[in-house]
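Peer 1: Numbering (the numbering used here), first residue to last: 421 to 834.
Cβ coordinates follow ideal geometry from the N, Cα and C atoms, glycine included.
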Ligand code: SF4
Ligand code: SF4
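The structure is reproduced here in structure tokens:
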């Protein structure tokens, strides 16, 4: 069999969709509706150990990247992750284990941070910006706002020198405050930031029947009625948001603050394959394992139709190399509308994530990305700066020199 992927990535959800927060725009907590009511959503010892053993064995590289996500994985307590670390040690052999933990940060305490530092975890912390912006949609099940608890978590991560990046969701309202958000992160010592556009559709009949709060993604290439949820960012406003942050970053902070979105763009201008699936030609080889061992094609496609198998009965490599996963992956490329194929930004956009492709192109073709107008504007805007950074890199100079170029006497031409 021809190998389609060189490596296997499986993001693990050891407590499924269970979370202590009830963020209004979350696409994952609703997944409880897919399980029986009495489900406890906690991964069993048997599934955990099988997953860790098989996942390590499946890696051909010397480094094994584990990603733990939810729901909220810290609900399992430090003791659970101490067991994870012990199992990883048991099966690692000569391989190096690298762990990432995605969290809302509200349950972090000294004991957690001590553990995260000792085991060198990279933490992804969900924080949308200043209090008013963050608390617009991110609150506890009781309705209590979460900002203060997240900030306490952030301060502890800093105190214990745990490596972390901030994942910041760009909702409709947040998109109007780009500089307020960016300056807030800077002021609070955040060095790595990723902006995530919030695009969700209101549930259709099928989703309502399944008990879901959002419509499931269309099959790649299909058109859906554009009933976006009220918190969905407007397409052009998302482009304007990125442009405003980019304009201040490119003048002041290149090399000091890492806005991952701009680093992905630079990869495209350098002619490299994208390291993030949304800007790659095809969907990634990043599978997801739920608490019951079921493995799915992608975090955004955890629905019965996209289940590939179970970790207890299948090998990770067989799942990722399966025909079903390959079809899923190819659908992104094959479903790209002609409108995108002739777009000047296609090399950096590739039609973005199929989850967002539910519009028609101006000539009536299905599968245009909802965020298209924003991406076109943003990618056109950053083009001259990206060209300068590419030239600097080609001449073995740091891309941060773009800030000197902007100050003159050279001119960045649009
Ligand atoms: S559907 Fe979107 S998130 Fe999932 S693999 Fe494809 S590009 Fe990535
Ligand atoms: S910017 Fe729009 S037209 Fe261009 S590739 Fe992206 S989605 Fe397609």
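Are the CB atoms of residue 482 and residue 509 within a distance shorter than 8 Å?
Peer 2: Cβ distance not < 8 Å, so residue 509 and residue 482 don't count as in contact.
Peer 1: By Cβ distance below 7 Å, which residues in the same chain neighbour residue 788 in space, the five residues on each side in sequence not counted?
Peer 2: Excluding positions up to five away in sequence, the list reads 757, 759, 777, 779, 780 and 781.
Peer 1: Drop a sphere of 10 angstroms on the beta-carbon of residue 499, count the other beta-carbons inside from all chains shown, and report buried for 16 or more, exposed for fewer.
Peer 2: Counting Cβ neighbours within 10 Å, residue 499 comes out exposed, since fewer than 16 surround it.
Peer 1: Helix, strand or coil for residue 819 per DSSP?
Peer 2: Note: residue 819 maps to helix in three-state DSSP.
Peer 1: Tell me, which residues are paired with residue 657 by DSSP?
Peer 2: Per DSSP, none; premise fails for residue 657.
Peer 1: Please find out if some non-hydrogen atom of ligand 4 comes closer than 7 Å to the beta-carbon of residue 428.
Peer 2: Absent from the structure shown: ligand 4. Ligands present: ligand 1 and ligand 2.
Peer 1: Just checking my contact of residue 438 with residue 527 at CB under 8 Å: how many whole Å lie between their CB atoms?
Peer 2: No, residue 438 and residue 527 are not in contact; Cβ-Cβ is about 12 Å, not under 8 Å.
Peer 1: Could you tell me whether any non-hydrogen atom of ligand 1 is closer than 7 Å to the CB of residue 698?
Peer 2: Yes, ligand 1 has a heavy atom inside 7 Å of this Cβ.
Peer 1: Taking the straight line between their C-alpha atoms, what separation do you get for residue 601 and residue 533?
Peer 2: In a straight line, the C-alpha of residue 601 is about 25 Å away from that of residue 533.
Peer 1: Between which two residues does the beta strand (DSSP E) holding residue 585 run?
Peer 2: Unbroken beta strand (DSSP E) run through residue 585: 583 to 590.
Peer 1: Quick check on the burial criterion: 16 or more other C-beta atoms within 10 angstroms. Buried or exposed for residue 745?
Peer 2: It is buried - the Cβ of residue 745 has at least 16 other Cβ atoms within 10 Å.
Peer 1: Assign residue 705 to buried or exposed, taking buried as 16 or more other Cβ atoms, counted over all protein chains shown, within 10 Å of its Cβ.
Peer 2: Its Cβ being crowded by 16 or more others within 10 Å, residue 705 is buried.
Peer 1: Could you tell me the boundaries of the alpha helix (DSSP H) in which residue 554 lies?
Peer 2: Unbroken alpha helix (DSSP H) run through residue 554: 551 to 554.
Peer 1: Using alpha carbons as the reference points, say which of 596, 697, 503 and 539 lies closest to residue 659.
Peer 2: Out of 596, 697, 503 and 539, 596 has the C-alpha closest to the C-alpha of residue 659.
Peer 1: Kindly say whether residue 510, judged by its beta-carbon, lies nearer than 8 Å to any beta-carbon of chain B.
Peer 2: Absent here is chain B; the protein component of the structure consists of one chain.
Peer 1: For residue 720 and residue 447, what's the separation of their Cα atoms in angstroms?
Peer 2: When rounded, the distance between both Cα atoms is 8 Å.
Peer 1: So residue 518 and residue 584 are supposed to be a Cβ contact under 8 Å. How far apart are they, rounded?
Peer 2: Not confirmed; about 14 Å, so no contact.
Peer 1: CA-CA distance, residue 571 and residue 440?
Peer 2: Each residue's Cα considered, the two are about 16 Å apart.
Peer 1: Output needed for residue 679: all residues of its chain with C-beta closer than 6 Å, excluding positions within five of it in sequence on either side, in chain order.
Peer 2: These residues qualify, in order along the chain: 613 and 669.
Peer 1: What do you reckon, is the C-beta of residue 760 under 7 Å from a heavy atom of ligand 2?
Peer 2: Yes.
Peer 1: Hey, how far is the Cα of residue 739 from the Cα of residue 488?
Peer 2: Approximately 19 Å between the Cα atoms of the pair.
Peer 1: Are residue 445 and residue 616 close, meaning C-beta to C-beta below 8 Å?
Peer 2: No, the pair does not count as a contact, with Cβ atoms beyond the cut-off.
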